[in-house]
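Worksheet: one structure, shown below.
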Amino acid sequence: MRHRIAGNKLNRNSSARKAMVRDIAKATLVKERICTTQAKAKEARKLVDKLITLGKRGTLADKRRAFAILCDHQLVSNLFLKTSPRFKNRVGGYTRIIPLGNRRGDNARLAFLELTEREQIVVSKPKSKAAPKKKDKVVEAVPPTAEMPKPATKTPVKDNVEKDIKDQVSKKDIVKPKQTAPGADKEKRGSRFSGIRKIFNRKSSGK
Numbered sequence: 003m004r005h006r007i008a009g010n011k012l013n014r015n016s017s018a019r020k021a022m023v024r025d026i027a028k029a030t031l032v033k034e035r036i037c038t039t040q041a042k043a044k045e046a047r048k049l050v051d052k053l054i055t056l057g058k059r060g061t062l063a064d065k066r067r068a069f070a071i072l073c074d075h076q077l078v079s080n081l082f083l084k085t086s087p088r089f090k091n092r093v094g095g096y097t098r099i100i101p102l103g104n105r106r107g108d109n110a111r112l113a114f115l116e117l118t119e120r121e122q123i124v125v126s127k128p129k130s131k132a133a134p135k136k137k138d139k140v141v142e143a144v145p146p147t148a149e150m151p152k153p154a155t156k157t158p159v160k161d162n163v164e165k166d167i168k169d170q171v172s173k174k175d176i177v178k179p180k181q182t183a184p185g186a187d188k189e190k191r192g193s194r195f196s197g198i199r200k201i202f203n204r205k206s207s208g209k
């Protein structure tokens, strides 16, 4: 007889199994629809229904019990203020499991675990603002008979400087070298040696 054999161990020890089921329940409350295996979805479904029931009561003790499981203040406040009020007209059946097929690889059975009362999102298209039209630039057409102006030729700077220097310096300012007579150098040399010759002549005469 199957006494006290409830639930699926999911090939895990007690601590790992509790942590996995808690994470799946938290993801279901946040995303409102997740994809997992059917065995895990059936185990997590029990905890999600229990948390929504605590949220419908809304007492301080229920908030503390929910926080002991979820360990997230923001998620607990969303559970009591947003998620649970959507199920006030339901006695049970807060979640549903939708078979999805077999997973490629290990051939595990997949399923969607989702909340029956999901948040309605209203999508409204934003009004498109008309962009201002850009004014086209007016280009003046040149008549075919008109001659286009020739580009101005630039004279090199060095040539202009050289011309100015040549104009400033006149022919009168140029100093010509003095021309010496061809026999002037010989006379200078002779005057140098004339004194030496006189000395030698005096010595010879004294003897």
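Going by our numbering, 56 is the number at position 54 of the sequence shown; the sequence numbering is gapless. Positions of the beta carbon are idealized from the N, C-alpha and C atoms, including for glycine.
Candidates the options: closest to residue i by CA position
i	options	result
Asn29	Lys84, Glu116, Pro87 and Arg4	Here residue 29 turns out to be Ala, not Asn, going by the sequence shown. The residue with the shortest Cα to Cα distance from Ala29 is Glu116.
Asn91	Lys65, Glu119, Asp108 and Ile201	Glu119
Ile71	Glu34, Arg59, Lys20 and Ser86	Lys20
Gly32	Ile99, Lys52 and Asp74	For the record, residue 32 in the displayed sequence is Val; it is not Gly. Of the candidates Ile99, Lys52 and Asp74, the one whose C-alpha sits nearest the C-alpha of Val32 is Asp74.
Leu12	Glu34, Thr39, Phe82 and Ile100	Thr39
Gly57	Asn80, Gln76, Ala46 and Glu45	Asn80
Met22	Arg47, Arg6 and Ile100	Arg47
Val93	Ala18, Asp25, Lys52 and Ile7	Lys52
Leu83	Gly103, Arg59, Arg111 and Asn104	Arg59
Ile99	Arg66, Glu34 and Asp108	Glu34
Thr85	Arg199, Ala8, Pro101 and Glu121	Glu121
Residue i in three-state terms, based on DSSP
i	result
Gly57	helix
Ile71	helix
Ala41	helix
Thr118	coil
Ile201	helix
Leu112	strand
Lys174	Only weak support exists for where Lys174 lies, its pLDDT of 49 falling under 50; the value from the coordinates is given anyway. Lys174 falls in the coil class under three-state DSSP.
Phe89	helix
Gly9	coil
First and last residue of the uninterrupted beta strand (DSSP E) at residue i
i	result
Ala18	Element bounds for Ala18: not the beta strand (DSSP E) but the alpha helix (DSSP H), Ser16 to Lys33.
Gly103	Thr97 to Asn104
Proximity below 7 Å, CB of residue i to CB of residue j
i	j	result
Val78	Phe69	yes
Tyr96	Ile36	no
Ala113	Ala43	yes
Ala63	Leu49	no
Glu45	Asn15	no
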